[in-house]
Amino acid sequence: MQHGGPSNSAEIFQILADEYAREILLTADRDGPMTAKALSKECDASLATVYRRVSKLQDHGLIEERRTVDSDGSHRSEFETALEELHMEIADGELSLAIETRDELADNFTSLWSGIRGDE
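Residue numbers for the sequence shown follow my numbering, so the first one is 4 and each next one is one higher.
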């Protein structure tokens with residue numbers, strides 16, 4: 004789980020306040036991994052807008068890039084939402100965020116399973 008300090012929290016809130024960034028996150032979650040071109044079409048945004056927002060989302064671990072190889076050998080990138088949960092806390096006049104990604108949930112399950120099997 005990542006914990007965002009005041010400045011990091013503000014950056015993430017700014018990103019999530021952006022309509023295109025939210026739409027990209029939701030579309031890439033709902034429809035699974037998508038190319039930038041497909042996101043552009045689904046989100047009604049220019050390709051440049053999609054790449055800028057995806058870059059910001061990647062910088063904060065909210066979206067992941069997966070590279071695939073087509074049957075003709077060409078490479079392409081697909082983007083998938085990594086964000087699973089976002090928790091906000093206000094305490095002592097400070098705002099903080101806790102972000103949980105899908106990879107962390109999978110790691111937690113693997114660790115739990117290893118503990119049950121006695122591998123640890």
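Yeah, the Cβ is synthetic: ideal placement off N, Cα and C, and Gly gets one too.
Inset, instruction - Output the distance between the C-alpha atoms of T84 and G96, rounded to the nearest integer angstrom. - result: On the sequence shown, position 81 is the one that residue 84 refers to. On the sequence shown, position 93 is the one that residue 96 refers to. When rounded, the distance between both Cα atoms is 31 Å.
Legend entry - Chain-order list of residues whose beta-carbon lies under 6 Å from that of E45 (same chain, five-residue window excluded): Sequence index remark: in the sequence shown, residue 45 carries index 42 (1-based). Here the set comprises T30.
Inset, instruction - Give a yes or no on contact between the segment 17 to 29 and the segment 59 to 68, applying the rule of three or more CB pairs nearer than 8 Å. - result: yes
Inset, instruction - Along the beta strand (DSSP E) that carries T84, what are the first and last residues, could you check? - result: Counting from 1 along the sequence shown, the entry for residue 84 is found at position 81. H78 to T84 is the span of the beta strand (DSSP E), which, as asked, contains T84.
Inset, instruction - Name the one or two DSSP bridge partners that A24 has. - result: Reading the sequence shown from its first residue, position 21 is the one you call residue 24. Looking at the DSSP assignment, A24 forms no beta bridge with any residue, so it has no partner.
Inset, instruction - May I ask you to verify whether the segment 70 to 84 touches the segment 35 to 43, counting CB pairs closer than 8 Å and requiring at least 3? - result: yes
Inset, instruction - Starting from the Cα of R105, find the closest Cα among E92, S99 and E87 and give me that residue. - result: To locate residue 105, count along the sequence shown from 1; it is residue 102. Comparing Cα-Cα distances from R105 to each of E92, S99 and E87, the minimum goes to E87.
Inset, instruction - Determine the burial state of G8: buried for a count of at least 16 other Cβ atoms within 10 Å of its Cβ, exposed for fewer. - result: In the sequence shown, the residue the question calls residue 8 occupies position 5. Note that G8 scores a pLDDT of 49, beneath 50, so its modelled location is shaky; the value from the coordinates is reported in the next line. The residue is exposed, with fewer than 16 neighbouring Cβ atoms inside 10 Å.
Inset, instruction - Return helix, strand or coil for T38, following the three-state DSSP convention. - result: Working through the sequence shown from its first residue, we reach residue 38 at position 35. Correct three-state label for T38: coil.
Inset, instruction - Taking A51 as part of the alpha helix (DSSP H), name the residues at either end of that continuous run. - result: Taking the first residue of the sequence shown as position 1, residue 51 is located at position 48. Where A51 is concerned, the enclosing alpha helix (DSSP H) stretches over L50 to D62.
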